[in-house]
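Enquirer: Residue numbers (my numbering): 16 to 193. The C-beta atom is built at its ideal place from N, Cα and C for all residues, glycine as well. Computed from a predicted model, the values in this text were never measured in an experiment. Got a structure for you, written out below as structure tokens; questions coming shortly.
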């Protein structure tokens with residue numbers, strides 16, 4: 016009887032352990048439990064603000080921020096190909112930020128992150144030197160950002176690197192071949 020209880024216990028652990036870890040990300044090396052819990056709370060708060068600022072559920076999308084020689088790209092895609100509602104919301108949001116960024120308005124990222132992201136002051140000052148182009152993708156959309164102005168490009172890269180870290184996308188923080 017003890018053997019079957021042990022097997023049942025092991026089976027339960029094997030089934031539920033991945034669920035527990037999916038809800039509570041692994042703690043980075045060198046981080047205290049208190050620091051990890053604080054970061055998880057900060058991420059949850061940012062997700063709620065992002066849901067409101069962007070108009071879609073952050074759990075239903077993938078963000079990508081790519082640095083290019085000309086500037087960079089912001090890309091958002093629905094996780095599920097059949098999720099036409101989220102795709103529609105992504106496209107509406109990226110069309111809006113394309114218009115806003117062109118005018119030097121960065122209220123959506125400021126609302127999402129509860130601070131002014133790095134690079135924004137220069138992006139505002141040099142808005143006439145920067146081109147923002149909206150493009151649809153199969154599961155969402157992207158904003159292509161380009162400039163010939165060196166200071167503006169440096170600010171774009173700073174802004175995108177911040178987004179990569181904040182959204183934990185895993186995208187490279189160096190200029191790619193895109």
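Taking residue 91 as the reference, give the member of 152, 142, 115, 48 with the closest Cα.
Expert: Locating residue 91 in the chain shown gives position 76, where the first residue counts as 1. When each option's Cα is compared against that of residue 91, the closest is 152.
Enquirer: Looking only at DSSP bridge pairs, what is residue 80 linked to?
Expert: Residue mapping note: residue 80 aligns to position 65 of the chain shown, counting from 1. Beta-bridge pairing links residue 80 to 89.
Enquirer: Quick one: what does DSSP say residue 100 is sitting in, helix, strand or coil?
Expert: Counting from 1 along the chain shown, the entry for residue 100 is found at position 85. Looking at residue 100 - three-state DSSP - the assignment turns out to be helix.
Enquirer: Which word fits residue 94, buried or exposed, when buried means at least 16 other C-beta atoms lie within 10 angstroms of its C-beta?
Expert: What you label residue 94 is simply residue 79 of the chain shown in a count that begins at 1. The residue in question, residue 94, is exposed, as its Cβ has fewer than 16 Cβ neighbours within 10 Å.
Enquirer: Using the DSSP secondary-structure output, state which residues sit across from residue 155 in a beta bridge.
Expert: Taking the first residue of the chain shown as position 1, residue 155 is located at position 140. Bridge partners of residue 155: 92, 152.
Enquirer: Using CA atoms only, rank isn't needed, just tell me which of 122, 118, 126 is closest to residue 146.
Expert: Within the chain shown, the letter at position 131 stands for residue 146. Minimum Cα distance to residue 146 is reached at 118.
Enquirer: Could you spell out where the alpha helix (DSSP H) holding residue 176 opens and where it closes?
Expert: Here residue 176 is taken as the residue at index 161 of the chain shown, counted from 1. First-last of the alpha helix (DSSP H) with residue 176: 165-182.
Enquirer: The alpha helix (DSSP H) spanning residue 136 covers which residue range?
Expert: Counting from 1 along the chain shown, the entry for residue 136 is found at position 121. Residues 135-140.
Enquirer: Considering only C-alpha positions, which residue in the set 89, 82, 155 is nearest to residue 97?
Expert: As a first step, residue 97 must be located in the chain shown, where it is residue number 82. With distances taken between Cα atoms, residue 97 lies closest to 155.
Enquirer: State buried or exposed for residue 181, treating a residue as buried only when at least 16 other CB atoms are found within 10 Å of its CB.
Expert: Here residue 181 refers to the residue found at position 166 when the chain shown is read from its first residue. When all chains shown are included, residue 181 counts as buried.
Enquirer: Give me the residue from 170, 164, 89, 167 with the minimum Cα distance to residue 76.
Expert: Within the chain shown, the letter at position 61 stands for residue 76. Looking at the Cα atoms, 89 is the closest of the given residues.
Enquirer: Identify, in the order they occur along the chain, each residue of the same chain with its Cβ nearer than 8 Å to the Cβ of residue 186, setting aside the five sequence neighbours on each side.
Expert: Indexing the chain shown from 1 puts residue 186 at position 171. Excluding sequence neighbours, residue 186 sits near 79, 80, 81, 179.
Enquirer: Taking residue 74 as the reference, give the member of 183, 143, 149, 136 with the closest Cα.
Expert: For the purposes of this step, residue 74 is identified with residue 59 of the chain shown, where counting begins at 1. Among 183, 143, 149, 136, the Cα nearest to that of residue 74 belongs to 183.
Enquirer: Going by beta carbon distance, what residues of the same chain come within less than 7 Å of residue 10, once the five residues before and after it are set aside?
Expert: As shown, the chain starts at 16 and ends at 193. That puts residue 10 outside it, with no answer to give.
Enquirer: Rounded to a whole number of angstroms, what is the C-alpha to C-alpha distance between residue 114 and residue 44?
Expert: For the purposes of this step, residue 114 is taken as residue 99 along the chain shown, with counting starting at 1. For the purposes of this step, residue 44 is taken as residue 29 along the chain shown, with counting starting at 1. When rounded, the distance between both Cα atoms is 41 Å.
Enquirer: Less than 8 Å between the C-beta atoms of residue 136 and residue 173, yes or no?
Expert: Position 121 of the chain shown, counted from the first residue, corresponds to residue 136. Position 158 of the chain shown, counted from the first residue, corresponds to residue 173. No, these two residues do not count as a Cβ contact at 8 Å.
Enquirer: With the cut-off set at 8 Å, would you say residue 109 and residue 121 are in Cβ contact?
Expert: Walking along the chain shown from the start, residue 109 turns up at place 94. Walking along the chain shown from the start, residue 121 turns up at place 106. Taking 8 Å as the Cβ cut-off, residue 109 and residue 121 do not qualify as a contacting pair.
Enquirer: Check whether the Cβ atoms of residue 7 and residue 175 sit closer than 8 Å, and answer yes or no.
Expert: Nothing can be reported for residue 7, as the shown portion of the chain is limited to 16 through 193.
Enquirer: Mark residue 131 as exposed unless 16 or more other C-beta atoms lie within 10 angstroms of its C-beta, in which case mark it buried.
Expert: Residue 131 sits at position 116 when you count from the first residue of the chain shown. The residue in question, residue 131, is exposed, as its Cβ has fewer than 16 Cβ neighbours within 10 Å.
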